[in-house]
Amino acid sequence: MDAGQDGGGTPEEWRSVMIDISGATLAELVEEDTSALAHALRRVTDELDRQGEPIAGFNSAI
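For the sequence shown, full-length UniProt numbering begins at 1 and goes up steadily by one.
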């Protein structure tokens, strides 16, 4: 809980340390260097940009 998050106007049980990212674009989130979320997003978007080798597969027609 972060008491300073809302200026103390919200009862303590409704306060959260989670941040609201609903107004941010994906590009803005990826540009943030220090957060774990930015690191994970960069890793996922980097993997989407590169075509990897298939690890395993099967023929579903059999």
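A virtual CB, placed ideally from N, CA and C, is assigned to each residue, including glycine.
Look at V44 here: in three-state DSSP terms it is helix.
Going by C-alpha positions, S22 is about 11 angstroms away from L29. Per DSSP, the unbroken alpha helix (DSSP H) holding V30 starts and ends at L26 to E31. E32 places its beta carbon 8 angstroms or farther from that of A40.
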